[in-house]
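Reviewing the structure listed below.
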Amino acid sequence: MVTIRRAGSDDAAFLLEMLAEAASWDRSPGSPPRALEDVLAGPSAHYAEGWPHAGDAGAIAELDGRMVGACWFRHLAADDPGWGYVADDVPEISIAVREDARGRGIGTRLLDETIALARDRGLRALSLSVSDGNHARRIYDRAGFVAVDRDDDATTMLLTLVDLDGHEQPGDAP
Amino acid sequence: MNLEIRDATAADAAALVPLIAEMGVGFHRPSGADAALVARYLEQPGYGILLALLEGEPVGFLAHAKTVDLYMGAPTGEIVDLLVTAQVRGQGIGSALVAEAVRRFDEAGCCEVRVVTDADNLAAIRVYGKAGIGGDLISLHRHFVDEE
Chain A
1 MVTIRRAGSD DAAFLLEMLA EAASWDRSPG SPPRALEDVL AGPSAHYAEG WPHAGDAGAI
61 AELDGRMVGA CWFRHLAADD PGWGYVADDV PEISIAVRED ARGRGIGTRL LDETIALARD
121 RGLRALSLSV SDGNHARRIY DRAGFVAVDR DDDATTMLLT LVDLDGHEQP GDAP
Chain B
1 MNLEIRDATA ADAAALVPLI AEMGVGFHRP SGADAALVAR YLEQPGYGIL LALLEGEPVG
61 FLAHAKTVDL YMGAPTGEIV DLLVTAQVRG QGIGSALVAE AVRRFDEAGC CEVRVVTDAD
121 NLAAIRVYGK AGIGGDLISL HRHFVDEE
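From first to last, the protein sequence lines stand for chains A and B.
One point on numbering: in our numbering, the residue at position 163 of the first sequence is 163, and numbering is uninterrupted.
One point on numbering: in our numbering, the residue at position 86 of the second sequence is 86, and numbering is uninterrupted.
Below you can see the structure in the form of structure tokens.
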């Protein structure tokens, strides 16, 4: 059975593991999984290191009591931007599900829960960056994320939650 | 993706009209632009439009204008309007237009690039921010037409 719960301060180590999992999305020949220590030494580390920072929030998925996935957001400022940086007040999403737990809709449930957390906090938008060829793109499309820009091999996507007049945007796509 | 960015000429004026109109999607006032107005805009010294063509089809534009910063004694570049048609957004076409405009402003000795955009237009803010265009100035304006 899959359960989704909020991520807490005890989940720091698991989120780092999930960050390495997210960095290892490309399982094509010639693209071996990224080792945790390599990811932590690289430019992606700031998505999860030091969890929790002020403003961080996320969700953990457990399958029969075992943690198998996580989705979370973090504010990364312009002086240390993430790949999908839009604005200082727009946090960026990270998400991963262990390979042996995929195909059960866990990613979608994690993303929905994380979007709900962002709405609860009154955040106006969430962003993310997805590499070309990453099948996770389809769950972002379904959740209502819209492509707004591209870099060499990745797309920046944005989900608007509240406009400046304080009007909530339409919820999840039907 | 075969993307070309080039200067619009009077021959492009008719193709620019529907793109200009698309800036007002969701806004109750129809666009006042027609091909003659676009052609006149292009004729003015210091004014121009960069046109983005995807596989040869016009899909976006960036209208620009130069003014002078009196204190600095140097030209300033303004991005007047930016639009990428809805079907092809998110592919970096806006970024390509902005990068080309910034490169030209720099080459022309401009001391600054200026842009006014809606504070809730996060897609535009992302694109401008990536080009190093940001800040916390506020834009003050008064409309002479009914906005409601």
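All residues carry an ideal CB built from backbone N, CA and C; glycine is no exception.
Bear in mind that the values here come from a model prediction, so they are computed numbers and not experimental data.
Answer yes or no: does any C-beta atom of chain A fall closer than 8 Å to that of residue i?
| i | result |
| --- | --- |
| residue 103/B | no |
| residue 87/B | no |
| residue 139/B | no |
| residue 134/B | yes |
| residue 184/B | Within the shown structure, residues of chain B are numbered from 1 to 148, placing residue 184/B beyond reach of any answer. |
| residue 26/B | no |
| residue 31/B | no |
| residue 48/B | no |
| residue 94/B | yes |
Have a look at residue i and residue j and give me their C-alpha separation to the nearest angstrom.
| i | j | result |
| --- | --- | --- |
| residue 95/A | residue 31/A | 19 Å |
| residue 85/A | residue 116/A | 20 Å |
| residue 1/A | residue 9/A | 24 Å |
| residue 142/A | residue 109/B | 46 Å |
| residue 172/A | residue 100/B | Its pLDDT being 40, under 50, residue 172/A is placed unreliably in this model, and the value from its coordinates should be taken loosely. Cα to Cα, residue 172/A sits roughly 37 Å from residue 100/B. |
| residue 174/A | residue 27/A | Any answer about residue 174/A is weak, because its pLDDT of 37 lies below 50 and its placement is not dependable; what the coordinates show is given next. Spanning the two alpha carbons is a distance of roughly 32 Å. |
| residue 59/A | residue 97/B | 38 Å |
| residue 68/A | residue 136/B | 42 Å |
| residue 106/B | residue 7/A | 47 Å |
| residue 49/B | residue 4/A | 51 Å |
| residue 153/A | residue 82/A | 15 Å |
| residue 86/B | residue 94/B | 11 Å |
| residue 13/B | residue 70/B | 32 Å |
| residue 26/B | residue 82/B | 17 Å |
| residue 92/A | residue 138/B | 26 Å |
| residue 111/B | residue 90/A | 30 Å |
| residue 80/B | residue 117/B | 9 Å |
| residue 98/A | residue 21/A | 7 Å |
| residue 54/B | residue 5/B | 9 Å |
| residue 42/B | residue 8/B | 8 Å |
| residue 35/B | residue 24/A | 51 Å |
| residue 132/A | residue 142/B | 44 Å |
| residue 58/B | residue 127/B | 20 Å |
| residue 74/B | residue 113/B | 12 Å |
| residue 23/B | residue 17/B | 10 Å |
| residue 120/A | residue 45/B | 51 Å |
| residue 11/A | residue 50/A | 11 Å |
| residue 55/A | residue 144/A | 22 Å |
| residue 15/B | residue 123/B | 24 Å |
| residue 88/A | residue 125/B | 11 Å |
Taking CB distances under 8 Å as the criterion, tell me whether residue i reaches chain B.
| i | result |
| --- | --- |
| residue 160/A | yes |
| residue 148/A | yes |
| residue 118/A | no |
| residue 174/A | Caution is warranted here: a pLDDT of 37 is assigned to residue 174/A, below 50, making its placement in the model unreliable, and no coordinate value can be reported. |
| residue 90/A | yes |
| residue 130/A | no |
| residue 163/A | yes |
| residue 156/A | yes |
| residue 125/A | yes |
_Quick check: the stretch 116-136 of chain A against the stretch 153-161 of chain A, are at least 3 beta-carbon pairs closer than 8 Å?_
The stretch 153-161 of chain A is in contact with the stretch 116-136 of chain A.
*For the stretch 107-128 of chain B, which residues have a beta carbon sitting closer than 7 Å to at least one beta carbon of chain A?*
So the close ones are 119, 120, 122, 123, 125, 126, 127.
*Quick one: which unbroken beta strand (DSSP E) runs of 3-plus residues sit fully inside the stretch 19-68 of chain B? Chain order, please.*
Complete beta strand (DSSP E) runs here, min 3: 47-54.
*May I ask you to verify whether the stretch 87-100 of chain B touches the stretch 135-153 of chain A, counting CB pairs closer than 8 Å and requiring at least 3?*
By the Cβ criterion, the stretch 87-100 of chain B is in contact with the stretch 135-153 of chain A, since at least three pairs of Cβ atoms, one from each stretch, lie closer than 8 Å.
*Are the stretch 62-76 of chain B and the stretch 28-35 of chain B touching by the rule of at least three beta carbon pairs closer than 8 Å?*
The stretch 62-76 of chain B vs the stretch 28-35 of chain B: no contact.
*Are the stretch 103-117 of chain A and the stretch 75-82 of chain A touching, with three or more C-beta to C-beta distances below 8 Å?*
Segments in contact, no.
*With 7 Å as the C-beta to C-beta threshold (strictly closer), list the residues of the stretch 53-67 of chain B near chain A in chain order.*
Look at the stretch 53-67 of chain B: it has no residue with a C-beta under 7 Å from a C-beta of chain A.
*Contact between the stretch 107-114 of chain A and the stretch 33-49 of chain A (3+ Cβ pairs under 8 Å)*: Result no; under three Cβ-Cβ pairs closer than 8 Å.
*asked:* Closer than 9 Å between beta carbons: that is the criterion. Which residues of the stretch 77-88 of chain A meet it against chain B?
replied: Residues passing the 9 Å Cβ filter: 78, 81, 84, 85, 86, 87.
*Whole alpha helix (DSSP H) runs in the stretch 17-73 of chain A with 4 or more residues, listed along the chain?*
With a minimum length of 4 residues, the continuous alpha helix (DSSP H) runs that stay inside the stretch 17-73 of chain A are 36-40.
_Within the stretch 82-127 of chain A, ranges of the beta strand (DSSP E) (whole runs, at least 3 residues)_ = As far as the stretch 82-127 of chain A is concerned, its whole beta strand (DSSP E) runs of at least 3 residues are 92-97.
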